[in-house]
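Counted from 1, the sequence shown has number 212 at position 229 by the numbering used here; the numbering is strictly sequential.
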Amino acid sequence: MKTLKKIILVVIVIIFASCSDVVDVEVQEGPKRLVVEASLDWEKGSEGNVQTIRLRESTPFFSTNTNMEVTGASVVVTNEGSGASYNFEDQGNGEYLTTNFEPVLEQKYMLRIEYNGEIYTATETMTAVTDITSVFQGRKEGFDDELLEVHVVFTDPEVEGNNYLFKFQREGDLLPDLETAKDEFLNGNEIDWWYEIDEDDDTEIEPFKPGDVVDIEMYGISKAYYDYIKILISQLGGVGLFESTPVDVKGNCVNTTNPENYAFGYFRLTQVVKTSYTFVED
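As structure tokens, then:
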């Protein structure tokens, strides 16, 4: 009897397994759009003459095709004050390069891209950044007083409306963390900006420990770019109960030929200071 029951059970499993159908769900795909990565970043102490702009086309969410680089476009950046123009030469891999760019603080520049018979334009101002005066480690200022954190100290200029983008990347980590700040309540004061890493069992990310090296970049950014990047950062964590729903975030690149076919991405011009810190035993 037990043997008979086992045979019947196996037959039932086989029947149900053989009756399962593959259901193809048709996912609606949006139109392909030009994606513009045009960050002209001028590191303090450098000439800033070598700059790269990257162009590609957007891909459907479930697509495995990563070869979407755009070639054959015309890319020009113009200093609207002096009239000087800088041609970005097509490198054949989605990158467009110039080696003679001249960055001028507080000067407005215009980006012009011609691709597939359409013209995209954007304007932005080269935004200055103050110096980092000190970098040190601690444990008391973060959300967890047992975790190491790095502190970046700088003095905000007295002029109002300064906005900052911070990029922290521990050596060996795959991706950096981005954070934004503004001087709305701290104008003209010394600012101590701290950063720590929480332990995450799902991604196997560990907090800072002695010997870790973290690379730090601080950018001066415009108010418009601050608003743009703040929305993107809020969406990086995915969708949760208290998190933002991912939506299309339009940058400042406008399609003047066909406004409905707008581009993704942003044209920004920033000054940046870079440093690194190595954690020690405390």
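Backbone N, C-alpha and C define an ideal beta-carbon position, used for all residues, glycine too.
- When the beta-carbon positions are compared, residue 39 and residue 75 stay at least 8 Å from each other.
- Here residue 98 carries a strand assignment [DSSP, helix/strand/coil].
- Distance between residue 23 and residue 101, taken at the CA atoms: about 23 Å.
- The residue among 91, 174 and 129 with its C-alpha nearest the C-alpha of residue 118 is 174.
- With a threshold of 16 other beta carbon atoms within 10 Å, residue 86 meets it and is buried.
- Apart from the 5 residues on each side of it in sequence, residue 259 sits with its Cβ closer than 7 Å to the Cβ of 196, 197, 198 and 199 in its chain, given in chain order.
- Of all C-beta pairs linking the stretch 175 to 182 to the stretch 244 to 254, fewer than three are shorter than 8 Å, placing the two stretches out of contact.
- Where residue 165 is concerned, the enclosing beta strand (DSSP E) starts and stops at 160 to 165.
- With fewer than three CB-CB distances shorter than 8 Å, the stretch 156 to 167 does not count as touching the stretch 98 to 117.
- In the structure shown, the three-state DSSP call for residue 69 is strand.
- By the criterion of a C-beta distance shorter than 8 Å, residue 145 is surrounded in its chain by 113, 139, 165, 166, 170 and 203, once the five residues flanking it on both sides are discounted.
- In the DSSP assignment, residue 206 falls within the unbroken alpha helix (DSSP H) covering 206 to 218.
- A distance of 8 Å or more separates the beta carbons of residue 149 and residue 193.
- Your pair residue 232 and residue 211 checks out as a contact, with CB atoms roughly 7 Å apart and the cut at 8 Å.
- Between residue 97 and residue 56 the beta-carbon gap is near 6 Å, inside 8 Å, which marks them as a contact.
- About 6 Å separates the beta carbons of residue 121 and residue 132, which is inside the 8 Å limit, making them a contact pair.
- Between residue 79 and residue 58, the C-beta gap is smaller than 8 Å, which places the two residues in contact.
- In this model, residue 15 and residue 237 are separated by some 15 Å (Cα to Cα).
- The beta-carbon separation of residue 84 and residue 32, rounded to 5 Å, stays under the 8 Å limit for a contact.
- For the 8 Å CB-CB criterion, residue 53 and residue 17 form a contact.
- Residue pairing by DSSP places residue 120 opposite 133 in a beta bridge.
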